[in-house]
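Those letters in the sequence shown? Residues -31 to -1, 1 to 266, per mature numbering (1 follows the signal peptide of the UniProt record, and there is no 0), in order.
Just so it is clear, CB atoms sit at the ideal spot from N, CA and C, and this is done for glycine as well.
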Amino acid sequence: MKKKLIITASAIALSITHAVLPVAGPHAAFAASQAAHGLPKPAISRALGALLMPINAKVAKVFKLDKSAHGLLVVSVKPGGAADRQGIKPGDVLVEIGGHKVKKPIDVDIAVRRGLKTGNSNYNFDIDRAGAVVAVAAVITLESYNETYSVSEVSTWEATTTEESSFSYSEYVSEETAEIESAYTSEESAVEESVSHEETSSEESASDETSSDESATSEDSSDESASDDSDAGDESATSEDSSDDSVSDDSDAGDESATSEDSSDDSVSDDSSSDDGGSGDDGGSGDDGGADGGGDD
């Protein structure tokens, strides 16, 4: 009798085990399936009101994308959100924004936040939609960017569907709720830090360019100063040459003066000779007079 009770208890325990396994089975299988797919963590884009996922080989395989696809997969969009209003649909692939490639969900928000800080609300997206490139001109305002999203509502957003795929959006979001919440909370400060860093780097670059220009101007001024000094030296040398010419002129004047004195001496000598001749003539006249007087007596 005791043996029968033991067997019955074991049977009950075994039946309970089998009853529990089917319930846990799909959840465990899904978790294993997602891990096997190697799907990256999704993140909410504040700029678009969409759940974005970076594309890798596993994402391309699960969502039947072209092997060359790159960018961000739009996993889901909030009804009435910025992406929905601009015609961006689940399953679209964001390739570029404003001519710049995007690789991580935060890249979109950084680009939009940077533009909003300068007063820009117009953004151009290049989207790969079923292999065709579609240009989307989106209007994103600061008000819509600052809109608050509830992670608990993400599971109700319009999501992408894939044919012949084991991907389940609701289960995937349920599994990644903690990651989505964490990314959403930390993204705001990360975006602000990135944009602020870019602004600081831009200001420092502008300051360096200004300093470089001022340095170049200073060097030009130095060159001009050196040129002025050189010109001053040349003018000084010219002045010395003029002084030498003046000394030469004075020397020539001295020589001319000496020549003039010599001429004066010659003139005095000539005058002296003239006076002597005159005396001789007068003496001759006296003798003649004396002779004449004697004769008369």
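It is roughly 11 Å from the alpha-carbon of residue 157 to the alpha-carbon of residue 16. The C-alpha of residue 120 lies about 31 Å from the C-alpha of residue 100. Just so you know, the alpha carbons of residue 35 and residue 76 end up roughly 22 Å apart.
Membership of residue 113 in the alpha helix (DSSP H) is indicated by the continuous run 111 to 114. Put simply, the backbone Cα of residue 27 is about 13 Å away from that of residue 41. The C-alpha of residue 112 is placed about 23 Å away from the C-alpha of residue 95. With respect to the C-alpha of residue 115, the residue from 86, 146, 30 having the closest C-alpha is 86.
In the DSSP assignment, residue 93 forms a beta bridge with 106.
Taking 7 Å as the cut-off, the Cβ atoms of residue 19 and residue 46 count as close.
Here residue 142 is buried. Its C-beta has 16 or more other C-beta atoms within 10 Å. Secondary structure remark: continuous beta strand (DSSP E) runs of at least 3 residues inside the region 8 to 35, in chain order: 12 to 14, 19 to 23. Taking 7 Å as the cut-off, the beta carbon of residue 43 is found no closer than this to the beta carbon of residue 23. Contact between residue 104 and residue 93 holds: their C-beta atoms lie close to 7 Å from each other, under 8 Å. Counting along the chain, residue 57 sits inside no alpha helix (DSSP H), nor does DSSP assign it H or E at all.
DSSP places residue 71 outside any beta strand (DSSP E), giving it a letter other than H or E. For residue 135, there is no enclosing beta strand (DSSP E), since its DSSP letter is neither H nor E.
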